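Numbering (my numbering), first residue to last: 3 to 212.
Here a beta-carbon is modelled for each residue, glycine too, at the ideal position from N, C-alpha and C.
Computed from a prediction, not measured in an experiment: that's the story for all the values here.
These notes are about the structure you will find just below.
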Amino acid sequence: MTGKRPVLAVTPGEPAGIGPEILLRFLHEHPGFRILTVADPSLLAETADRMGISLPLRLWRAGDEVPPGELSCCPVPLACPARPGQLAPANAAYVLETLRQAVDLVIDGHAAALVTGPVHKGNINDGGFPFSGHTEFLAERAGVEQVVMMLAAPGLRVALATTHLPLRDVAAAIRPDRLERVIRITHAELKSRFGISSPRIQVLGLNPHA
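Following this line, the structure appears as structure tokens:
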């Protein structure tokens, strides 16, 4: 892969939401990226047609190249047709299956990183699947006990000690051992992945907007 951009595995998320449009618009405006999406090809084709975007769409199989400027698609069929703005609980299994396959693409070395489009947690739950968020799903899929969600921007990175909890439960969930694990993981990742030799970590308040 010398001289090439890394392959990004992308899940468009909720098929009735804005995720498919964001994906297509991004690749249309940034054709140098190598995108391997996990989705229903017909959804992508219909969305592109509705947006007036022309993008080469190719079905991908393990071992295939992922060229820049084309939309390589690992196909997963929708349970029922998707209509913009109209949630269908029947497609909850589809959303989770795209996530499962995309995670496997990264684990198996077919992609360097995972980018996830927005999902509708309520619709997934209505479809009969307990789902609290991407973070917990990825932790279970990867078989790890402790993960840390980080929000990153130039000059500032915020790691969360808790995720997807009612605010009234946050205080009880923040225990010394949990906080120490989060800080240790954050410290190690800031050094190894962000190249910060001496990370400076500040502990903020319980309010998630602190």
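What residue from the options has the CA that sits closest to residue i's CA?
i, options, result
"A141", "L26, R186, E191, V105", "V105"
"Q88", "N125, D171, R183", "N125"
"I55", "C82, A64, T100, E23", "E23"
"R180", "F196, P156, L162", "L162"
"H122", "H112, L25, A90, A114", "A90"
"G15", "P8, T39, L29", "T39"
"I198", "R36, R159, A174", "R159"
"G111", "D66, A94, F139", "D66"
"D51", "A94, V68, R27, V172", "R27"
"V296", "E72, L73, R202, G130", "Here the chain comprises residues numbered 3 to 212, so residue 296 is not present and cannot be evaluated."
"A154", "F139, S200, L192, E182", "L192"
"I176", "T164, A95, R170", "T164"
"M152", "R85, H189, L73, A92", "H189"
"L10", "Q148, E72, M53, T49", "E72"
"V68", "H136, S194, K6", "K6"
Are the beta-carbon atoms of residue i and residue j separated by less than 8 Å?
i, j, result
"G34", "P70", "yes"
"G119", "G207", "no"
"D128", "P77", "no"
"P17", "A114", "no"
"C75", "L61", "yes"
"V117", "V12", "yes"
What residue range does the alpha helix (DSSP H) around residue i cover?
i, result
"R177", "Per DSSP, R177 belongs to no alpha helix (DSSP H) and is neither H nor E."
"S44", "43 to 53"
"P22", "21 to 31"
If residue i and residue j are in contact, beta carbons under 8 Å, what's the gap, nearest whole angstrom?
i, j, result
"L107", "L80", "Between L80 and L107 the Cβ distance is about 19 Å, and since that is not below 8 Å, they are no contact."
"I187", "V150", "5 Å"
"A47", "L59", "6 Å"
Residue range of the beta strand (DSSP E) that residue i falls in?
i, result
"R60", "59 to 61"
"V9", "9 to 13"
"P77", "73 to 77"
| Whole runs of the alpha helix (DSSP H) within the stretch 120 to 159, excluding any shorter than 4 residues | 123 to 128, 136 to 144
| request: Enumerate, from N- to C-terminal direction, the unbroken alpha helix (DSSP H) stretches of 4 or more residues contained entirely within the stretch 89 to 116. | output: 94 to 109
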